[in-house]
Amino acid sequence: MEYIGIGIVILVVIAFFKTVRIVPQKTAYVIERLGQYSRTLDAGFYILIPFLDKVSYKRSLKEEAIDVAQQNCITKDNVSIGVDGILYIQVVDAKRSAYGIEDYKYATSQIAQTTMRSIFGTFDLDETFKARDTINLKVVQAVDEASDPWGVKVTRYEVKDIEPPQSIIESMEKQMKAERDKRAVIAESEGEKQSEINRAEGKRQAMIAESEGEKQKRINEAEGKAAEIEKVAEATARGIAKIAMGIGKENGKDAVNLRIAEQYIKEFGNLAKQNNTMIIPTTLSDISGFVASAVKVIDTVKEKKEKIGALS
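Count along the sequence shown starting at 1, add 113, and that's the number in the numbering used here.
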């Protein structure tokens, strides 16, 4: 009887574990009854029929990352490159993922590889480095459409690495070096060009400043000469006025005659010294005639001055 009791306890324990199921959050259980699909259990507490119901498949409803192994792809310009990526999928229907295909993870990764090969064949090598977003989108669309009957949703795909052949890498490095050298030469020439422009502009500004200075110098010199002429004219006018006033005084005219005669004789003397020849007037009366002419001019100046004084 003791053994029977122990056996009954064991059967009760086994029955308990066979009938009671607690499904975690973001998990689905596929239940079969006598080998046929019965139902899908979402998160919660459930009691099954012992020995009839069975949890055949457990599916995580979380997003999963599947590594897509590296493979060789031929680009549009016939370059063989190694490409690997990562695929993100999520089970949205546990029943279809269980009965639609044997291994949905393996199947989706294989579709991603074949799709990636065909898509890379539509791009040149240089374009593959620029069109990663386009490639990722096309892979997602193709794999998602193919995996829909399996109850799997492809959320995104990312190209991890693109590895060209070593010869292509060396050629690309040479091309980049040539491009850098080209930009350096262009930058240097632009610098020289700007330097020449700056020097020319500086020279132009210097010439303008020099011409402005020369202009101001000439203006100053002209103003100085004009002031000098004006001062000389004023002094001459004052001298003439004083002479005219002196003529009007007593014996003024005789003094003027004497002064004129002295100047006349002096000039003839200077002329004779320069030419080493003595020049004597034809008649001595020329001196008196010259003096008389000078006296006449002085009288005329005096009369004009008196008229001006009377008018003022």
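For glycine and all other residues, C-beta sits at the position ideal for the given N, C-alpha and C.
In this text the structure is predicted, and so the values were computed from the model without any measurement.
C-beta contact flag for K175 and K139 at 7 Å
Yes, Cβ-Cβ distance for K175 and K139 is below 7 Å.
Classification of M320 by the beta-carbon crowding that lies within 10 angstroms, buried from 16 upward:
Burial check for M320: the Cβ neighbour count within 10 Å stays below 16, so the residue is exposed.
Beta-ladder partner(s) of K266, from DSSP
Beta-bridge partners assigned by DSSP to K266: Q203.
Which residues does DSSP pair with I332 in a beta bridge?
In the DSSP output, where bridge partners are listed per residue, I332 has none listed.
Under 7 Å between the Cβ atoms of G198 and E271?
Their beta carbons are under 7 Å apart, which means G198 touches E271 by this criterion.
Residue burial classification, D206 (beta-carbon count within 10 angstroms, cutoff 16):
It is buried - the Cβ of D206 has at least 16 other Cβ atoms within 10 Å.
Could you have a look at E426 and say whether DSSP puts it in helix, strand or coil?
Because residue 426 is not part of the residues shown, which for the chain are 114 to 425, the question remains open.
What I want to know is whether the C-beta of I310 ends up closer than 6 Å to one or more non-hydrogen atoms of the ligand SAM.
As presented, the structure is devoid of all ligands, the ligand SAM included, so that no description of it is given.
Between G326, Q184, Q318, which lies nearest to P278 when the distance is taken from Cα to Cα?
Residue Q184 is the option with its Cα nearest to P278.
The region 155 to 168 in contact with the region 245 to 253 per 3-pair CB rule at 8 Å
Contact between the region 155 to 168 and the region 245 to 253 is absent: fewer than three C-beta pairs spanning the two stretches fall below 8 Å.
Taking the beta strand (DSSP E) that Q138 belongs to, which residues open and close that run?
That residue, Q138, is in no beta strand (DSSP E); it is neither H nor E in DSSP.
Within 10 angstroms of the Cβ of Q318, are there 16 or more other Cβ atoms? Answer buried if so, exposed if not.
Looking at its Cβ environment, which holds fewer than 16 other Cβ atoms inside 10 Å, Q318 is exposed.
For I232, count neighbouring C-beta atoms within 10 Å of its own C-beta (all shown protein chains included) and say buried if the count is 16 or more, exposed if not.
Around the C-beta of I232, 16 or more other C-beta atoms lie within 10 Å, and the residue is accordingly described as buried.
How big is the Cα-Cα spacing for K273 and E305?
When rounded, the distance between both Cα atoms is 44 Å.
Could you give the residue range of the beta strand (DSSP E) that holds T153?
149 to 154 is the span of the beta strand (DSSP E), which, as asked, contains T153.
Taking C-alpha atoms, which residue in V126, E327, K266, N191 lies nearest to D437?
No answer is possible for residue 437: it lies beyond the span of the chain, which begins at 114 and ends at 425.
Is DSSP giving F164 helix, strand or coil here?
Three-state DSSP puts F164 in coil, outside helix and strand.
Rounded to a whole number of angstroms, what is the C-alpha to C-alpha distance between V133 and K218?
Their Cα atoms are separated by approximately 29 Å.
Take G213 and list the residues in its own chain whose beta-carbon comes closer than 7 Å to its own, dropping the five residues that flank it on each side.
Taken in chain order, the residues that qualify are P262, W263, G264.
Go ahead and pull the three-state DSSP assignment for L397.
Low per-residue confidence applies at L397: pLDDT is 48, beneath 50, and the placement is therefore not dependable, though the value from the model is reported in the following sentence. In the structure shown, L397 sits in coil (DSSP, three-state: anything other than H, G, I, E or B).
Reduced DSSP secondary structure (H/G/I, E/B, other) of K290
In the three-state reduction of the DSSP assignment, K290 falls in the helix class, which pools H, G and I.
Rounded to whole angstroms, what's the CA-CA distance from A297 to A291? Just pull it up for me.
Using only the alpha carbons, I get a separation of about 10 Å.
Just verifying my parser: in three-state terms, what is the DSSP assignment at G120?
The answer is helix: DSSP assigns G120 an H, G or I state.
Assuming S173 and V143 form a contact by the criterion Cβ under 8 Å, report the distance between their Cβ atoms to the nearest whole angstrom.
No, S173 and V143 are not in contact; Cβ-Cβ is about 12 Å, not under 8 Å.
In angstroms, rounded to a whole number, what distance separates the CA positions of K131 and I121?
The straight-line gap from Cα to Cα measures roughly 15 Å.
Going by other Cβ atoms of all chains shown within 10 Å of its Cβ, with 16 needed for buried, is T345 buried or exposed?
Note that residue 345 is Val in the sequence shown, not Thr. Under the 10 Å beta carbon count, V345 is surrounded by fewer than 16 other beta carbons and is classified as exposed.
Who are the Cβ neighbours of E341 in its own chain at under 6 Å, not counting the five residues just before and after it?
None.
Identify the residues that DSSP records as bridge partners of K171: which are they?
Y142.
Nearest residue (CA-CA) to T182, options K330, L165, M229, E343:
Residue identity differs from the one stated: residue 182 is Ala in this sequence, not Thr. Selected option, being the one with the closest Cα: M229.
Does the beta-carbon distance from A220 to L200 come in below 7 Å?
Taking 7 Å as the Cβ cut-off, A220 and L200 do not qualify as a contacting pair.
Could you spell out the range, first to last residue, of the beta strand (DSSP E) harbouring A178?
Per DSSP, A178 belongs to the beta strand (DSSP E) from 176 to 187.
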